[in-house]
Amino acid sequence: MNTALPSPFGVPPLGGATPAAPAINESHSLGFRSARRLKADLRTLLLLALLALLSLALPTARAADAPRPPMKNLLALSSAQARTQPEATAASASTTASARPSVPESVPLPGVPVAVFVDDPGTGIDPFFPNSRRRPSRVVRPKSSAPGTTPIVTQPEPPRPPPLAVTLSLRGIVGPGYRRLALISANARTYDVQAGEALLLKNGPLDLRVTCVEIRDSSVLIRVDGETSDRELQLKEGI
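Note that my numbering gives residue 203 to position 201 of the sequence shown, counting from 1, and the numbers run on in steps of one.
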């Protein structure tokens with residue numbers, strides 16, 4: 003920093019510069035004031051910290067100086083608490099149980115359908131295991147007759163043919179000898195057949211089979227299913 007010294011002759015220095023001594027003194031005074039303020043702030047902080055420590059230490063000291071209860075009183079208090087605690091727990095449990103809605107202990111479940119199989123073990127093979135031999139099949143034997151008697155065996159009658167509801171008649175014979183045709187009338191309808199051919203005629207709800215066995219000069223020999231003998235149809239006179 004360049005400072006201009008005063009002239010001994012009372013003439014101001016060149017360049018019009020003024021002495022800087024007063025500015026230096028003012029800066030020194032400002033620094034001194036800030037230092038004093040800083041010290042005062044530090045003292046205040048220290049006092050506040052001491053007061054806080056004292057306020058914390060006083061309750062601890064009072065609690066330490068307070069008379070302690072004897073050990074017997076503590077034991078009696080703990081035993082009384084232990085006695086009253088189960089009663090209080092039971093009372094709270096009963097209150098909770100009474101507050102809850104009553105629910106039946108067991109709810110009946112609907113029955114499960116069960117499959118029942120009725121099977122006589124002596125009637126035959128197992129229906130579920132047909133190849134199993136755990137139960138042999140029972141052989142049904144006929145009842146034996148009394149000794150000295152011969153059992154009577156009856157044969158079933160052969161099925162009888164239904165009554166013939168068709169009226170058959172011979173209407174004529176046409177054609178040469180090797181290809182002759184018989185004109186057979188059945189219920190107002192005429193059929194031409196050769197020897198060996200068969201007709202299917204309606205006999206009520208059933209079909210009736212009629213076979214032409216032989217064609218003669220003035221008659222025809224036919225065979226009706228269900229009949230034991232053949233039937234001969236004669237040609238009417240004048241035809």
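Quick reminder that beta carbons are idealized off the backbone N, C-alpha and C, glycines included.
Alpha carbon to alpha carbon, how far is Ser221 from Gly206?
Using only the alpha carbons, I get a separation of about 27 Å.
How many Å lie between Pro178 and Gly198 at the Cα?
Distance between the alpha carbons of Pro178 and Gly198: 16 Å.
In angstroms with no decimal places, state the Cα-to-Cα distance between Ile217 and Thr156.
C-alpha separation (whole angstroms): 41 Å.
Provide the residue span of the beta strand (DSSP E) that contains Lys238, from first to last.
Looking at the DSSP string, Lys238 is not in any beta strand (DSSP E), and its letter there is neither H nor E.
Please classify Ala23: does DSSP put it in a helix, a strand, or coil?
Reliability of the predicted coordinates at Ala23 is poor, the pLDDT of 48 falling under 50, and the value obtained from them is presented with this limitation in mind. The answer is helix: DSSP assigns Ala23 an H, G or I state.
Would you give the residue range spanned by the beta strand (DSSP E) that Glu159 belongs to?
Where Glu159 is concerned, there is no enclosing beta strand (DSSP E), given that its DSSP letter is neither H nor E.
State the Cα-Cα distance for the pair Ser134 and Val114, rounded to the nearest angstrom.
Cα-Cα distance, rounded: 30 Å.
Give a yes or no on whether the C-beta atoms belonging to Leu172 and Leu223 are separated by under 8 Å.
Contact: no.
Nearest-angstrom Cα distance between Gly33 and Arg45?
In a straight line, the C-alpha of Gly33 is about 19 Å away from that of Arg45.
Which same chain residues, not among the five before or five after Val195, have their C-beta less than 8 Å away from its C-beta?
Same-chain partners within the cutoff: Leu183, Ala184, Ile186, Leu201 and Cys214.
Nearest to Asn189 by CA position, among Thr169, Asp227 and Phe130, is which residue?
The option with the nearest alpha carbon to Asn189 is Thr169.
Using the C-alpha atoms, what's the distance from Leu50 back to Ala37?
C-alpha separation (whole angstroms): 20 Å.
Roughly how many whole angstroms lie between the Cα atoms of Arg191 and Pro158?
Approximately 38 Å between the Cα atoms of the pair.
Whole-angstrom Cβ separation of Val226 and Leu208, contact assumed at under 8 Å?
The pair is not a contact, with the Cβ atoms about 12 Å apart (cut-off 8 Å).
Give the single residue among Val212, Glu239 and Asp219 whose Cα lies nearest to the Cα of Arg228.
Strictly speaking, residue 228 in this sequence is Gly, with Arg absent from that position. The residue with the shortest Cα to Cα distance from Gly228 is Val212.
Would you mind working out which of Asp219, Leu203 and Pro112 sits nearest Glu239, comparing C-alpha positions?
Here the closest residue by C-alpha is Asp219.
Under the three-state reduction of DSSP, which class applies to Ser171: helix, strand or coil?
Looking at Ser171 - three-state DSSP - the assignment turns out to be strand.
For a test of the three-state rule: what should DSSP assign to Gly18, helix, strand or coil?
Because Gly18 sits at a pLDDT of 47, beneath the cut-off of 50, its placement in the model cannot be relied upon, and the following sentence gives the value as read from the coordinates. Residue state, collapsed to three classes: helix.
Measuring straight from C-alpha to C-alpha, what distance separates Glu234 and Ile154?
Cα-Cα distance, rounded: 40 Å.
When we look at the beta-carbon of Leu203 and count the other beta-carbons within 10 Å, is it buried (16 or more) or exposed?
With 16 or more Cβ atoms within 10 Å of its Cβ, Leu203 is classed as buried.
Would you give the residue range spanned by the beta strand (DSSP E) that Leu202 belongs to?
First-last of the beta strand (DSSP E) with Leu202: Ala200 to Asn205.
Have a look at Leu53 and Arg35 and give me their C-alpha separation to the nearest angstrom.
Cα to Cα, Leu53 sits roughly 28 Å from Arg35.
In the DSSP assignment, find the unbroken beta strand (DSSP E) run with Val195 in it and report its ends.
Unbroken beta strand (DSSP E) run through Val195: Thr192 to Val195.
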